[in-house]
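Asker: A single structure is presented below for examination.
Quick look at the structure:
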């Protein structure tokens, strides 16, 4: 039987960071999306939403941890949380702050009460920014049109108290559908460039010749092209962030877990090379399969809060890459 070594210091440090984490509520995504929607107010929703994702991917802060081998965050912190005002205004955060439940700590940020299961933090400037975009979404929130008129069956649903979402909150048009398992397997085996080409080929082949449902299909494929460009741009930004972090490493002193300056620099440069490849191409090895899966997850989170994106059978769709690396000796089970 294969005998594993004890956990490494890197894994122990990551475990402790997760256990001791503080969730940072950041306004960046909300502000970027609001500006994008205002700019494209009259655009059809299918294209407007894709352009919003592209703006988020191009502007959101990028985070690369000191010892991370797999990167990806929803903002500028390791545990960033992003409000989704287009789905539901984060009234509870604003109300907790306005009612004094969350208080300003020594760091100058708002904090949830001590003793709660997970620490939560919101910088004052993010609180003010989130408040500033709320009026826009009172009118343009997803589902606002559905809220203007409800079928008779809705009131029976509410009377039976089938769902806590029926009154207030998220609205009829946005009732959550549970969890969504996206096509991670296609992403890591096909790559964004090939998916983009498939969409662009359809658009090109129907230029000036759109009959029946072709119009709707072309709009969909236009959104696919925009979203693939958004994904590629985001992954390339992470690649550059790894290169920048490598260049900024101190040349003296020890890194975390005893990793040398040269060792961590080499890791970051390998990560940058891999990220640049998977920005457009399918994964070539297990690390790239894992990293591309994570990058796709970050893209989905940039777009949507619901349905909750789940990884599904991660072991199934990444196994061929791990198997190949184990057989070639590029990796060991350890």
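Numbering (this note's numbering), first residue to last: 2 to 335. Cβ atoms here follow ideal geometry from the backbone N, Cα and C, with glycine treated the same way.
At 3 residues or longer, what runs of the beta strand (DSSP E) sit wholly inside the region 283–322?
Answerer: Segments of the beta strand (DSSP E) lying fully in the region 283–322: 309–311.
Asker: Let me confirm a value: residue 16 is counted as buried when at least 16 other C-beta atoms fall within 10 Å, else exposed. Which label applies?
Answerer: By the 10 Å Cβ count, residue 16 comes out exposed.
Asker: Classify residue 183 as helix, strand or coil using the three-state DSSP reduction.
Answerer: Coil, per DSSP.
Asker: Would you report the Cα separation of residue 11 and residue 5, rounded to the nearest angstrom?
Answerer: Answer to the nearest angstrom: the Cα atoms are 16 Å apart.
Asker: Measure the Cβ-Cβ separation of residue 28 and residue 127 and say whether it is below 8 Å.
Answerer: Yes, Cβ-Cβ distance for residue 28 and residue 127 is below 8 Å.
Asker: Curious, which full-length beta strand (DSSP E) runs of at least 3 residues does the region 75–119 contain?
Answerer: Segments of the beta strand (DSSP E) lying fully in the region 75–119: 110–112.
Asker: What are the start and end residues of the beta strand (DSSP E) that includes residue 64?
Answerer: Note, residue 64: premise wrong, no beta strand (DSSP E); not H, not E.
Asker: Quick check: the region 97–116 against the region 51–60, are there 3 or more CB pairs under 8 Å?
Answerer: Verdict: no, contact absent.
Asker: Whose C-beta lies closer than 7 Å to the C-beta of residue 275 among residues of the same chain, with five residues either side of it excluded?
Answerer: Excluding positions up to five away in sequence, the list reads 288, 289 and 292.
Asker: For residue 23, which residues does DSSP report across the bridge?
Answerer: Per DSSP, 120.
Asker: Along the alpha helix (DSSP H) that carries residue 223, what are the first and last residues, could you check?
Answerer: Counting along the chain, the alpha helix (DSSP H) containing residue 223 begins and ends at 215–248.
Asker: Skipping 5 residues on each side, what residues in its chain have a beta carbon closer than 8 Å to that of residue 1?
Answerer: Not covered by the structure: residue 1. The range shown for the chain is 2 to 335.
Asker: Taking the beta carbon of residue 152 as the centre, do at least 16 other beta carbons fall within 10 Å, making it buried, or is it exposed?
Answerer: The residue in question, residue 152, is exposed, as its Cβ has fewer than 16 Cβ neighbours within 10 Å.
Asker: Since residue 229 and residue 193 should fall inside the 8 Å C-beta cutoff, what is the C-beta to C-beta distance between them, to a whole number of angstroms?
Answerer: Their Cβ separation, rounded to whole angstroms, is 5 Å, which keeps residue 229 and residue 193 in contact under 8 Å.
Asker: What does the alpha-carbon distance come out to for the pair residue 180 and residue 306?
Answerer: For residue 180 and residue 306, the distance between alpha carbons rounds to 10 Å.
Asker: Restricting to Cα atoms, I'd like to know which of 209, 162, 88 and 296 is closest to residue 144.
Answerer: For the residues 209, 162, 88 and 296, the minimum Cα distance to residue 144 belongs to 88.
Asker: Nearest to residue 225 by CA position, among 234, 207 and 198, is which residue?
Answerer: Minimum Cα distance to residue 225 is reached at 198.
Asker: Is residue 37 helix, strand or coil when you go by DSSP?
Answerer: It is helical.
Asker: Along the alpha helix (DSSP H) that carries residue 424, what are the first and last residues, could you check?
Answerer: Residue 424 lies beyond the residue range present for the chain, which begins at 2 and ends at 335; the question has no answer from this structure.
Asker: Within a Cβ cutoff of 8 Å, which residues of the same chain sit near residue 204, ignoring the five residues on either side of it in sequence?
Answerer: For residue 204, where only same-chain residues beyond five positions count, the Cβ hits under 8 Å are 219, 222, 223 and 226.
Asker: Could you give the distance in angstroms between the alpha-carbon of residue 239 and the alpha-carbon of residue 75?
Answerer: Cα to Cα, residue 239 sits roughly 12 Å from residue 75.
Asker: Using CA coordinates, which residue listed in 44, 325 and 34 is at the minimum distance from residue 83?
Answerer: Per the Cα distances, 34.
Asker: Checking 8 Å against the spacing of the C-beta atoms, do residue 298 and residue 73 come in under that value?
Answerer: A contact, by the Cβ cut-off of 8 Å.
Asker: Which residue wins for smallest C-alpha separation from residue 251, given the options 101, 142 and 266?
Answerer: Closest by alpha carbon: 266.
Asker: Given a threshold of 16 other Cβ atoms within 10 Å of its Cβ, counted over all protein chains shown, does residue 30 qualify as buried or as exposed?
Answerer: Per the 10 Å Cβ criterion, buried.
Asker: Using the three-state DSSP reduction, which class does residue 28 fall into: helix, strand or coil?
Answerer: Residue state, collapsed to three classes: coil.
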